[in-house]
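Those protein sequence lines, which keep their order, are chains B and F. 379 is the number that our numbering gives to position 379 of the first sequence; each next residue is one higher, with no gaps. 1020 is the number that our numbering gives to position 20 of the second sequence; each next residue is one higher, with no gaps.
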Amino acid sequence: MEISALTIEGVREGLRRRAFSATELATEALRFAEAENPKTNAYLRFCPERALEAAGRVDEKIARGEDTGPLGGVPVAVKDVIVTKGLRTTCGSKLLANYIPPYDATAVQRLEAAGGVILGKANCDEFAMGSSNENSAFGPVRNPAALDRVPGGSSGGSAAITAQGTAVVALGSDTGGSVRQPASFCGVVGVTPTYGRVSRYGLVAFASSLDHIGPFGRCVRDAATLLGVIAGRDELDATSAEAPVPDYTAQLDGNVRGLRIGLPREYFNGLASETGDLIQAGVETLKKLGCQVKEISLPATDYAIACYYIICTAEASSNLARYDGVRYTFRSASSGALSDMYRNTRGEGFGAECKRRIMLGTYVLSAGYYDAYYLKAQKVRTLIARDFTNAFAEVDAIVTPVSPFPAFKLGEKLDDPLQMYLSDIYTITGDLAGIPCMSVPCGRTAAGLPVGMQILANHFDEARMFRLADAFERSYR
Amino acid sequence: MKLTSERVRYVAGLANLNLSDEEVERFRADLSGILEHVEKLNELDTSGVPPMAQVLYPAEDTATLRPDRDRPPLGAQTALANAPQAGAGHFKVPKVIER
């Protein structure tokens, strides 16, 4: 069993042929993951008891001749901002270092009900804030493709685990690119579904109008399968959509002839470098597959960073107000009066990036500034969303880079938060518009660093996005 | 937009964040730079553009209403389990009223 290259189909086939039992697979996967983890620090902790219990249930089903579910026996990692009942969930923060959730997130509950075997929790930037995974209170994650480089963020652990082969698939979360950018940096598939496609019940809130849960896989089919399992209406999240969930794997037939692809000129202007060359080569591949490629314009793109960093910090400052030393495990030892307890707890508990965003968000919401910043940003968000509505009247999908550059060195960008924010330019627009988007591997630089190509589609059009990504993946391998 | 240290301390107060002097200086510089970039939004004419508070897509008005029925709650004991200090079925905080 070549565990680091297993696919969901490979697990299913192995179980069917009795090459291994689910318990044997879980045992071996845990052994491998625990042995490999020190290289990357991608897992924060393992949950062998929970994994073996889940695997045991799958083996019982096999013994009874029952269907094991779409994820039967599949080893999965879950980002540590998604709560797991009885299993410590820290959000990469000192504040929640000892937090034990009393319930499971809906996505977790669904993936376990589908036979998935959770091996452990994945490292991430604190409260999912960051583009490099260097903001974790429990140490950075290293990129499996180059150990002196970042894996991207904020779902850096989930991406690294998928790339390293220490799980078959993983769950991450995306607010401004936190699934796609690390997928691109680590050379795996990462998907941000339509806003409302996947319940956020049990996803610790960062910016509620932008937060998504999304899957990682080593191939498009695996990511599509995992999305199919976790997607769909959930009464416990009022923003989750009623729309039916199609079988995302049914149309992965490689046929994309005649599909209309838009290349937004704003995303390609000034994109030199190897990343640009690789994306251009990817576009040529799409043409060879029979896609009709044309240039389009998304004129509000230039304003997206400013818009995003007002909205996400405003929402974060409000969502993170709950960590005040009363309910969630950590309280400053030096607290005096109640107000001092709040301030000391938060001052000691939050890391620098969280504080920076809480400060910016509080500032833009403060008296006298609300209209100038927050309301203005919400209006600009409308313009950005309209750009996409107009574009999808002409094209079926949009193709762009994921990041202006491949994985950078640890520490390289830590001193300049604005530069770090600006590098999110290609991924935040999809979140602002709430449309599905994904990163699919598009080759490597001369130095061997992975580069991802982004595909964006219209609301709830994940099936077509997957079809295009899968066809691309086939011709690129 | 150049922020003063006083302004940074005022905002930190609103956010209930205790900041060191170094942090105040650091955030004064960081936030000033970010706010300067954000000024860019003023180039756009947004008169008549409605604000987007939530992602919208075509759906029935009642699409996200759930049936109104009772569900077992977490329960006080479970809810208190992660409290740094709890007792007698309550979260405990420092005394706020002097007698």
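From the three backbone atoms N, C-alpha and C, an ideal C-beta is built for every residue, glycine too. The model shown is predicted, which means the values in this text are computed figures rather than measured ones.
Query                                                                                                                                : Result
C-alpha distance - L375 of chain B paired with A183 of chain B, whole-angstrom precision                                             : 32 angstroms
Coarse secondary structure for G1048 of chain F, derived from DSSP in three states                                                   : coil
Limits of the alpha helix (DSSP H) - the one that S273 of chain B falls within                                                       : S273 to K288
Unbroken stretches of the alpha helix (DSSP H), 4 residues or longer, contained in the region 65-143 of chain B                      : 106-113
Opening and closing residue of the alpha helix (DSSP H) in which R218 of chain B lies                                                : Segment: none, R218 of chain B is in no alpha helix (DSSP H) and carries neither H nor E.
Among B:T400, B:R218 and B:T90, the one whose alpha carbon lies nearest that of I3 of chain B                                        : B:R218
Whole-angstrom C-beta distance between G214 of chain B and V191 of chain B, which should lie under 8 angstroms                       : 5 angstroms
Span of the beta strand (DSSP E) around A457 of chain B                                                                              : P450 to A457
DSSP beta-bridge partners of I398 of chain B                                                                                         : B:G262 and B:L456
Contact set between the region 425-457 of chain B and chain F, restricted to residues whose Cβ is under 7 angstroms from the partner : G434
Which residues DSSP lists as bridging M438 of chain B, in chain order                                                                : B:V191 and B:I455
Among B:S158, B:C291, B:E126 and B:M341, the one whose alpha carbon lies nearest that of G258 of chain B                             : B:C291
Whole-angstrom distance between R1009 of chain F and R346 of chain B, CA atom to CA atom                                             : 15 angstroms
Residue(s) in a DSSP beta bridge with A146 of chain B                                                                                : B:N143
Neighbouring residues, chain F, relative to H492 of chain B (Cβ below 7 angstroms)                                                   : With chain B running from 1 to 477 in the structure shown, residue 492 of chain B is simply not present.
Residue span of the alpha helix (DSSP H) that contains A170 of chain B, given as start and end                                       : Unbroken run through A170 of chain B is the beta strand (DSSP E), V169 to D174; no alpha helix (DSSP H).
Below-8 angstroms beta-carbon distance, R381 of chain B vs any chain F residue                                                       : yes
Residue burial classification, K379 of chain B (beta-carbon count within 10 angstroms, cutoff 16)                                    : buried
Inter-residue CB distance, A174 of chain B and G153 of chain B (contact presumed, cutoff 8 angstroms)                                : Note that residue 174 of chain B is Asp in the sequence shown, not Ala. Going by Cβ atoms, the distance from D174 of chain B to G153 of chain B rounds to 11 angstroms, so no, they are not a contact pair.
Those residues which DSSP pairs with V293 of chain B across a bridge                                                                 : B:I261
From B:T84, B:K85, B:P101 and B:E66, residue whose alpha carbon lies closest to that of A1083 of chain F                             : B:P101
Proximity below 8 angstroms, CB of A367 of chain B to CB of I310 of chain B                                                          : no
Chain B contacts from the region 1072-1087 of chain F (Cβ-Cβ distance under 8 angstroms)                                             : L1074, T1078, A1079, A1081, N1082, A1083, P1084 and Q1085
Whole-angstrom C-beta distance between V78 of chain B and C91 of chain B, which should lie under 8 angstroms                         : Between V78 of chain B and C91 of chain B the Cβ distance is about 12 angstroms, and since that is not below 8 angstroms, they are no contact.
Chain-ordered chain F contacts of F388 of chain B [CB-CB under 8 angstroms]                                                          : None at all; the shortest Cβ gap to chain F is about 11 angstroms.
Min CB distance P417 of chain B to chain F below 8 angstroms                                                                         : yes
R1091 of chain F - DSSP class collapsed to helix/strand/coil                                                                         : Note that residue 1091 of chain F is Phe in the sequence shown, not Arg. Three-state result, F1091 of chain F: strand.
Below-8 angstroms beta-carbon distance, R1109 of chain F vs any chain B residue                                                      : With chain F covering only 1001 through 1099, there is no way to say anything about residue 1109 of chain F.
Minimum Cβ-Cβ distance from K1002 of chain F to chain B less than 8 angstroms                                                        : no
Where A393 of chain B falls: helix, strand or coil (DSSP)                                                                            : coil
Beta-ladder partner(s) of I310 of chain B, from DSSP                                                                                 : None, per the DSSP bridge assignment.
N- and C-terminal bounds of the alpha helix (DSSP H) containing F472 of chain B                                                      : E462 to Y476
Counterpart residues of H212 of chain B in DSSP-defined beta bridges                                                                 : B:D174
At least 3 beta-carbon pairs within less than 8 angstroms: the region 4-16 of chain B vs the region 46-54 of chain B                 : no
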